[in-house]
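Below you'll find the structure, written out as structure tokens, and then a few comments.
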């Protein structure tokens with residue numbers, strides 16, 4: 001088995017559905033994070049069979065980890081401090097998501113004005129429904 | 143600075159004040175004839191509309207103001223590819239208030255984010271048409287004397303009909319309202335309005351396909367046109383367009399005080415023989431549209447009238 005050394009301080013995004021880590025890397029815009037990041041694909045998991053993991057060294061304060069609730073429902077967040085697990089978090093759906101998804105309504109103003117940001121506001125937590133800020137088209141996240 | 147983008151941008155108290163002001167204008171229009179002297183309304187109409195644009199222009203002229211604008215995207219900078227944001231930034235220097243109609247949903251909302259003058263949504267695709275809703279509310283209030291304890295029948299295209307969606311959301315804020323939805327299966331009210339508005343607020347409603355059966359119980363029958371421009375498929379439009387036609391024979395089923403309303407333009411969903419029936423108030427409704435837009439302009443420009 002491949003060994004990746006443990007984190008002393010950082011964040012481990014665990015239980016990512018196998019094959020989704022690279023998408024998450026893009027969604028979270030981790031490319032602009034200056035610290036060390038390890039992506040582990042297809043790790044063995046008793047719960048999921050196979051899973052992906054992302055380890056981020058340091059404190060990624062500018063990264064909105066709640067976005068995980070939108071793009072990867074199964075993902076969990078482990079905060080590591082001084083080499084020990086300090087906190088386990090489940091991401092909560094953010095009130096607003098920006099430029100993660102595009103509005104699919106062909107009648108929406110964003111369909112002709114490409115420079116507009118695609119902004120969705122959470123309207124129903126239970127059904128995980130967002131609505132486009134402009135045309136109010138409903139959009140359910142998985 | 144306030145804008146009017148969605149019919150729910152004004153709460154019930156604000157809506158009632160605006161309707162009160164409109165009623166004052168109806169009572170004494172001459173008292174308002176010079177209130178907007180020196181003020182300019184820009185009508186930015188990216189798609190054709192006769193009624194709404196002229197109604198806005200008449201409203202501003204009645205208040206002593208003046209109007210400028212364009213009436214199709216072809217005669218505006220949009221044809222050259224200018225964005226809504228850039229257009230409104232420029233228009234903000236030319237006018238004091240603007241009314242925008244756009245075929246794309248959310249365009250007036252984008253405009254309001256970049257505007258230095260109040261923006262009124264004069265219809266954005268199949269989405270919102272808040273001044274039509276205010277017109278409808280004023281019509282009901284004037285002719286029924288109340289906006290509470292009413293059974294409202296909505297007939298025709300309830301799927302794409304934005305006026306219907308907005309009217310449901312607005313009237314649901316008043317006490318004692320119930321709805322009867324009359325439409326074919328294909329044009330039923332979208333589920334999200336049923337769930338998020340009607341069921342959420344516990345508003346009684348039923349869905350039927352037969353118009354005559356429910357007419358005797360209605361206080362208001364709101365007819366709509368099946369709109370060709372909302373269909374991607376011409377075949378569906380042709381199949382559904384003539385499904386409900388209100389004629390003299392059907393009107394015999396209605397109570398003597400039931401109002402027949404229609405946002406206009408009408409095609410053939412109400413036969414012309416109904417026009418002389420005192421219960422047919424759709425032309426009166428169009429007239430009220432001018433008064434409500436006058437009240438709206440005054441409200442958004444924060445003009446006080448002594």
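Chains as they are written, first to last, in the working numbering: chain A, 1 to 142; chain B, 143 to 448.
We treat Cβ as the ideally placed atom computed from N, Cα and C, and that holds for glycine.
Bear in mind that the values here come from a model prediction, so they are computed numbers and not experimental data.
The beta strand (DSSP E) runs of length 3 or more contained entirely in the stretch 382-440 of chain B are, from start to end of the chain, 401-403. The C-beta of residue 116/A comes closer than 8 Å to at least one C-beta of chain B. Between residue 260/B and residue 222/B, the alpha-carbon positions lie close to 25 Å from each other. Pairing residue 148/B with residue 264/B, the inter-Cα distance amounts to about 10 Å. In the three-state DSSP reduction, residue 291/B falls in the coil class, being neither helix nor strand.
Under the 8 Å criterion on CB atoms, residue 249/B is classed as interfacial with respect to chain A. The three-state reading of DSSP puts residue 72/A in coil, since its state is none of H, G, I, E or B. The Cβ neighbour count for residue 435/B, taken over all protein chains shown within 10 Å, is at least 16; the residue is labelled buried.
Taken atom to atom, the span from the alpha-carbon of residue 198/B to that of residue 88/A is near 58 Å. If you keep only unbroken alpha helix (DSSP H) runs of at least 4 residues inside the stretch 14-81 of chain A, you get 21-27 and 67-71.
Taking the Cβ atoms as the reference, residue 412/B lies roughly 13 Å from residue 357/B, outside the contact range of under 8 Å. If you look at residue 122/A, you'll find it in the beta strand (DSSP E) that goes 119-124.
Here the alpha carbons of residue 275/B and residue 120/A stand approximately 25 Å from one another.
Among the CB atoms of chain A, none fall inside 8 Å of the CB of residue 261/B.
Ranked by how close their Cα comes to the Cα of residue 320/B, the residues 157/B, 359/B and 165/B have 359/B in first place.
For residue 142/A, there is no enclosing alpha helix (DSSP H), as DSSP gives it neither H nor E. Under the three-state reduction of DSSP output, residue 348/B falls in the strand class.
Interface flag for residue 111/A against chain B is set, since a Cβ pair is found closer than 8 Å.
Residue pairing by DSSP places residue 359/B opposite no residue, since no beta bridge is assigned to it. Minimum Cα-Cα distance from residue 225/B among the listed residues 49/A, 115/A and 42/A corresponds to 115/A. For the C-beta of residue 107/A, the chain B residues within less than 7 Å are, from N- to C-terminus, 246, 247, 267 and 268. Distance from the CA of residue 215/B to the CA of residue 99/A, rounded to the nearest whole angstrom, comes to 28 Å. The alpha carbon of residue 424/B has as its nearest neighbour, out of 317/B, 404/B and 439/B, the alpha carbon of 404/B. Rounded to whole angstroms, the gap between the alpha carbons of residue 305/B and residue 20/A is 43 Å. With its beta carbon at least 8 Å from every one in chain B, residue 87/A lies outside the interface. Taking residue 42/A as the centre and dropping the five residues before and after it, the same chain places the C-beta of 18 and 50 closer than 6 Å to its C-beta, in chain order. Excluding residues up to 5 positions away in sequence, 413, 415, 416 and 419 lie with their Cβ nearer than 8 Å to the Cβ of residue 390/B in the same chain.
For residue 379/B, the closest Cβ of chain A is not nearer than 8 Å. Interface flag for residue 95/A against chain B is unset, since no Cβ pair is found closer than 8 Å.
With 16 or more neighbouring CB atoms inside 10 Å of its own CB, residue 24/A falls in the buried class. Residue 337/B counts as exposed, since fewer than 16 other beta carbons sit within 10 angstroms of its beta carbon.
Contact annotation, residue 237/B with residue 182/B: C-beta distance approximately 4 Å; criterion of less than 8 Å satisfied. Looking from the CA of residue 13/A, the closest CA among 46/A, 60/A, 34/A and 32/A belongs to 60/A. The C-beta distance from residue 367/B to residue 400/B rounds to 20 Å, too long to fall under 8 Å, and the pair is not in contact.
Residue range 261-266 is occupied by the beta strand (DSSP E) that includes residue 263/B. At a cut-off of 8 Å between beta carbons, residue 134/A contacts chain B.
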